[in-house]
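Going by my numbering, the final residue of the sequence shown carries number 331, and the count climbs one at a time with no gaps. C-beta atoms are modelled at their ideal positions from N, C-alpha and C, and glycine is treated no differently. Here is the structure we will look at.
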Amino acid sequence: MAEARAPGKAILFGEHAVVYGHPAVAVAIEAGVNVAVSNNKEWAVEGRPLDSVRHPHLKSIISRMRRGSGPFSFQISSTLFSAAGQGSSAALSVAAHLALRSHIGESSNLIDAARSAHLAEAYAQSGRASPTDTATSALGGCVVVSSSLPPMAKHVFGSELETSEGLRTWDVGTIELPIDSDPPYLVLGFTGNPSKTGKMVAMVADLISSNSERKSDLDSIGEITAVGLVALASAEWEAVGMAMDACHDRLEALNLSTPFLEKLISSVRPYSLGSKLTGAGGGGCMMALTRDPERVAQMIELHGARAMISSFYNEGAQILI
Ligand code: MEV
11 MAEARAPGKA ILFGEHAVVY GHPAVAVAIE AGVNVAVSNN KEWAVEGRPL
61 DSVRHPHLKS IISRMRRGSG PFSFQISSTL FSAAGQGSSA ALSVAAHLAL
111 RSHIGESSNL IDAARSAHLA EAYAQSGRAS PTDTATSALG GCVVVSSSLP
161 PMAKHVFGSE LETSEGLRTW DVGTIELPID SDPPYLVLGF TGNPSKTGKM
211 VAMVADLISS NSERKSDLDS IGEITAVGLV ALASAEWEAV GMAMDACHDR
261 LEALNLSTPF LEKLISSVRP YSLGSKLTGA GGGGCMMALT RDPERVAQMI
311 ELHGARAMIS SFYNEGAQIL I
């Protein structure tokens with residue numbers, strides 16, 4: 011048997027715009043997904059035959075294994091909210107890749123895991139996915155993804171994907187925070203309404219093809235992200251929060267917010283440095299950057315959502331056994 015763990019993620023700025031090559035910045039959160047792999051008579055998930063419609067990510071990860079490997083059984087346990095913008099499918103894919111490779115004794119590393127998981131996300135999202143969620147889950151810490159990385163990011167690997175809008179290329183890098191930066195906390199609020207990333211990404215693609223003005227919202231997100239990144243690299247947390255707020259306004263203009271997300275976001279603003287929807291939108295999660303995580307979590311729960319507090323900097327994926 012082998013087991014691996016991969017964390018979820020929270021996007022500070024740049025979701026959706028990153029699909030078009032603009033920069034995005036994401037951090038690994040404390041919660042994550044564990045995947046255990048063991049020998050079995052047939053491919054199975056949680057004791058039931060693997061259904062590739064229900065588990066497109068696993069199907070894609072398995073397709074890149076050495077021919078003749080398996081069949082194996084997967085046991086999955088997660089502390090993430092599912093279909094909530096926390097990168098649960100990316101974490102599942104990264105952990106499944108690492109656990110499978112470890113089980114068959116094939117060497118692999120975090121970059122291979124991130125690449126394989128990105129292909130799994132693209133397969134499940136009808137061909138449109140950036141490497142943001144998968145790279146953050148694999149590498150941990152703070153990750154920047156962009157068609158060209160800013161100078162403060164340390165380049166880790168390059169990534170490309172053939173999409174219906176042509177070939178997309180990204181560079182993936184990491185950002186180190188100053189040692190004494192004393193980061194605030196992240197608090198995520200789950201609306202309880204699951205959201206499908208593929209559907210939301212397709213909705214944005216339709217919106218910008220039918221209304222070219224909306225494309226300027228994606229360009230603005232790119233500009234806000236660049237400013238937020240400078241603030242982040244110098245640990246200017248007030249400015250990071252302001253960039254998060256500004257990013258949310260553009261996401262709302264792209265019809266990605268909902269009345270419930272708006273209610274949660276405005277309720278935590280007095281206790282936060284910044285707050286926004288995070289991930290695909292249309293439901294899922296909002297997040298706040300705050301020095302008062304208990305108060306923010308309380309506000310989120312008072313409004314009927316589920317809160318999760320996370321420290322800011324967390325490790326990436328690891329093989330456990
Ligand atoms: C989803 O967590 C982030 C999106 O930008 C999609 C992607 O990057 O693939 C909405």
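Taking the beta carbon of residue i as the centre, do at least 16 other beta carbons fall within 10 Å, making it buried, or is it exposed?
| i | result |
| --- | --- |
| residue 297 | buried |
| residue 11 | exposed |
| residue 113 | buried |
| residue 176 | exposed |
| residue 115 | exposed |
Pull up the DSSP beta-bridge partners for residue i, would you.
| i | result |
| --- | --- |
| residue 154 | 35 and 183 |
| residue 195 | 300 |
| residue 17 | 42 |
| residue 58 | 55 |
| residue 317 | 199 |
| residue 173 | 176 |
| residue 12 | 47 |
| residue 189 | Bridge partners of residue 189: none, in fact. |
| residue 84 | 47 and 55 |
In angstroms with no decimal places, state the Cα-to-Cα distance between residue i and residue j.
| i | j | result |
| --- | --- | --- |
| residue 3 | residue 265 | In the structure as shown, the chain starts at 11 and stops at 331, and residue 3 therefore has no counterpart that could be examined. |
| residue 31 | residue 157 | 5 Å |
| residue 272 | residue 278 | 10 Å |
| residue 104 | residue 235 | 26 Å |
| residue 299 | residue 276 | 13 Å |
| residue 230 | residue 249 | 16 Å |
| residue 320 | residue 74 | 33 Å |
| residue 67 | residue 161 | 33 Å |
| residue 23 | residue 14 | 28 Å |
| residue 205 | residue 56 | 23 Å |
| residue 183 | residue 165 | 4 Å |
| residue 222 | residue 178 | 20 Å |
| residue 76 | residue 155 | 29 Å |
| residue 197 | residue 51 | 42 Å |
| residue 322 | residue 257 | 19 Å |
| residue 326 | residue 19 | 10 Å |
| residue 189 | residue 95 | 29 Å |
| residue 224 | residue 284 | 24 Å |
| residue 45 | residue 87 | 7 Å |
Taking the runs of the beta strand (DSSP E) that are 3 residues or longer, which of them lie wholly in the segment 238 to 305? 284 to 288 and 295 to 300
Within the segment 97 to 170, note down every full alpha helix (DSSP H) run reaching 4 residues or more, in order along the chain. 98 to 113, 120 to 134 and 142 to 149
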